[in-house]
Amino acid sequence: MKKYIPITLVSFLALIVWLPLWMLISGSLMPIDEIKTYFGPVLLGGSGFAKWPLIPAYPTMAPYIELLLDSPAFFAMFWNSIKIVVPILIGQVCFGMPAAWAFARFEFPCKKLLFTLYIALMLMPFQVTMVPNYLVLDKMNLLNTRGALIYPLVFSTFPVFIMYRFFKSIPEAMIEATKMDGAGHFRTFIHIGLPLGAAGIVSALVLGFLEYWNMIEQPLTFIQDKSLWPLSLYLPQIAVDQLSVSIVASVIMLIPALLVFLWGQNDLEAGIRAAGLKE
Amino acid sequence: MKLPKQQQNAQEPIWQNKKKSDLKVALCFLLPSLIGVMVFIFIPFIDVIRRSFFGAMSGEFVGLKNYATIFQNDAFKLAGGNTLKFTLICIPLLVIASLGLALLINAIGKKAQLFKMTFLLPMAIPVASVVLLWQVLFHQNGLLSRGIIALGGQRVDWMKTDWAFWILVASYLWRNIGYDMVLWLAGLSTISPAIYEAAKVDGASSWQQFTKITIPQLLPTLFTIVVLSLLNSFKVFREAYLIAGDYPHDSMYMLQHLFNNWFVSLDIDKLSAAATIVAGVILILILLLQRTWEGDED
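Laid out in structure tokens, this is it:
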């Protein structure tokens, strides 16, 4: 009997996660007149109270079709998000991965100091680096371009740290053995580091994707031109402009994040653990 | 973040022989990233610390004047106070709640993976996707008001009262509990079952096992969880901003809003001083926590 207490409790808590998701999905299948009746009191300034039925009375795909065929702004912003997130992640791998390897596998002067610097920078919230970022981007004439969002984040030190933890866990003997076989530093990196540290790279990518797909602060401060905004910042605007597709748009925005989450869930967990466990 | 002593010594001779070539290779790997970090983050940051001692318009050295100005600024006091209050309430709440959740998950054994994923899910849900839901929940005519009326209460415009702060707290817990739970579970998994076995043989009750074994063994994990939770707490700005905009209800006007608003009005001198202070506080906090953490090990 005692065994059922934890699982009941946990299931109840899980509802707090599942219920909002379910509401979003069921809401996305509501025809426009239902949306107006249910949410009118909140969004259109009517009287009475809002309702959010768990199943729409007359479910329809119409909002999805309207979004697909009749919302060019939505897709422009969707592509904006992709054009921001993908280059950041590629850049992080290109620059961060070798740096992580250097920290994990080499001894050099000032290594400890530099690594501490990387960790300190990783721990600084955006608001602290906002002014310095702005000043550099201004000097480089990058403000109000996608570059303003991409370049500073390519050099984020967080993925370096995550990958470092994974590279560090590769047994030294394995590296030595490869070197005995006459492999140079770069071949060791490619043939041992990459395959054995792959989980770390994927972890960094998954954590990065979820973070940048959700980016609000950077575009808000560095991009004035709304046509360059990512979906994460633009989405609330849709509810105002085009009520009928607002819930569908929320669901479509959610889908890439959910897919990445489901695809990389084990690596995601490993990545969180890597940030937490001490050596 | 450091190698154990013996390992360092053992590596030394090899390292000395190969020192020069190794150094070059290490630099090849490190430099591209290091240059970027220096150019985009570190050097500009040092420049901001310098600017915090200069006037924005005149460019003259003004000493601590910028600091004096912001400490007299009402908006800074309000935002700083709110941020402090938010941190002091949220972090202990989150740390304890996530530990409880981790222990529950550990206790159910089967299906644990499914639940772990469930609680991690909120961190994957974009803030923008739940904004609409949030509005419908907390509006004066929203779902929560409806529930309250059904219970015989009054309708409330939640986001425009002191409740706004607590709604933000709840949202932070919802989004971060899974992350911290995974960290606790990682910590729990490092405790050897043999210790519990030995305690059981000695007749320790499960409460004693929890307070005498589990809690002390989890102390190192606590440090990381506190630091990471603190950093994630700055991201509640996303919810706060998308729901309530630049100037939300006073109870949830955070440092992040203030930074943003100073930024819009280009108060670079005030902003530099405030950024330096926040960076300093975070740095001291990290060093302090790390000191106590390392002290525990000896």
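Protein chains in written order, with the working numbering: chain E, 162 to 440; chain Z, 26 to 323. Glycine included, C-beta positions come from ideal geometry on N, C-alpha and C.
In this structure, the beta-carbon distance from Leu109 (chain Z) to Tyr278 (chain Z) does not fall below 9 Å. Around the Cβ of Gly432 (chain E), a 10 Å sphere holds 16 or more other Cβ atoms; the residue is buried. Shown here, Phe276 (chain E) sits in a helix according to DSSP, grouped into three states.
Around the Cβ of Asn285 (chain Z), a 10 Å sphere holds 16 or more other Cβ atoms; the residue is buried. Comparing alpha-carbon positions, the option among E:Glu378, E:Leu429, E:Ile168, E:Phe370 lying closest to Leu129 (chain Z) turns out to be E:Ile168.
When rounded, the separation of the alpha-carbon atoms in Phe210 (chain E) and Val303 (chain Z) is 42 Å. Note that the C-beta distance between Phe65 (chain Z) and Asn294 (chain E) is below 9 Å. In this structure, the beta-carbon distance from Asn241 (chain E) to Leu371 (chain E) does not fall below 9 Å. Taking a contact as a CB-CB distance under 8 Å, the pair Ile202 (chain Z) and Ala122 (chain Z) counts as one, their CB atoms being some 6 Å apart.
Non-local C-beta neighbours of Met291 (chain E) in its own chain, meaning closer than 7 Å and more than five positions away in sequence, comprise Thr382, ordered along the chain. Between Leu423 (chain E) and Leu250 (chain E), the C-beta gap is not smaller than 9 Å, which leaves the two residues out of contact. Judged by DSSP secondary structure, Met324 (chain E) falls within the alpha helix (DSSP H) whose first and last residues are 319-329. The way I'd put it, the segment 191-198 of chain Z does touch the segment 261-270 of chain Z; three or more beta-carbon pairs between them come closer than 8 Å.
Taking the CA atoms as reference points, Leu312 (chain Z) sits about 21 Å from Pro320 (chain E). Comparing alpha-carbon positions, the option among E:Trp179, E:Leu180, E:Leu278, E:Leu230 lying closest to Val406 (chain E) turns out to be E:Leu230. In this structure, Phe140 (chain Z) lies near Ala175 (chain E), with their beta-carbon atoms less than 9 Å apart. Between His352 (chain E) and chain Z, the shortest Cβ-Cβ separation is not below 9 Å. Taking a 10 Å sphere around the C-beta of Met324 (chain E), we find 16 or more other C-beta atoms and assign the residue as buried.
In this structure, Ile116 (chain Z) keeps its C-beta atom at 9 Å or more from the C-beta atom of Ser276 (chain Z).
Neighbours of Tyr204 (chain Z) in chain E, taken as residues whose beta carbon is under 7 Å from its own, are Ile433 in chain order. When the five nearest sequence neighbours on each side are left out, the beta carbons in the same chain lying within less than 7 Å of the beta carbon of Phe163 (chain Z) are those of Leu169, Trp183, Met184, Ile192, in order along the chain.
Listed in chain order, the positions of the segment 240-255 of chain Z with a beta carbon within less than 9 Å of a beta carbon of chain E are Pro245, Thr246, Phe248, Thr249, Ile250, Val252, Leu253, Leu255.
Just measuring C-alpha positions, the residue of E:Met285, E:Leu415, E:Phe316, E:Ala436 sitting nearest Phe239 (chain E) is E:Leu415. Between the alpha carbons of Pro151 (chain Z) and Trp183 (chain E) lies a distance of about 15 Å. Residue environment for Val171 (chain E): buried (at least 16 other C-beta atoms within 10 angstroms of its C-beta). Remark: three or more beta-carbon pairs, one from each stretch, lie closer than 8 Å, so the segment 209-216 of chain Z and the segment 229-248 of chain Z are flagged as touching. From the beta-carbon of Thr143 (chain Z), the residues of chain E found nearer than 9 Å are Val171, Leu174, Ala175, Val178, Trp179. The CB of Leu392 (chain E) comes closer than 9 Å to the CB of Pro151, Ala153 in chain Z, given here in chain order.
Against chain Z, the beta carbon of Gln379 (chain E) has no neighbour under 8 Å; the closest one sits roughly 11 Å away.
At a cut-off of 9 Å between beta carbons, Phe239 (chain E) makes no contact with chain Z. At a cut-off of 9 Å between C-beta atoms, Leu103 (chain Z) does not count as an interface residue with respect to chain E.
Contact between Gln253 (chain E) and Val178 (chain E) does not hold, since the beta-carbon distance rounds to 29 Å and is not under 8 Å. 9 Å or more divides the Cβ of His282 (chain Z) from the Cβ of Asp187 (chain Z). Annotated three-state conformation of Phe79 (chain Z) is strand, per DSSP. Using a Cβ distance threshold of 9 Å, Leu48 (chain Z) and Phe269 (chain E) count as a contacting pair. Residue burial annotation: Lys260 (chain Z) is buried, with at least 16 other C-beta atoms found within 10 angstroms of its C-beta.
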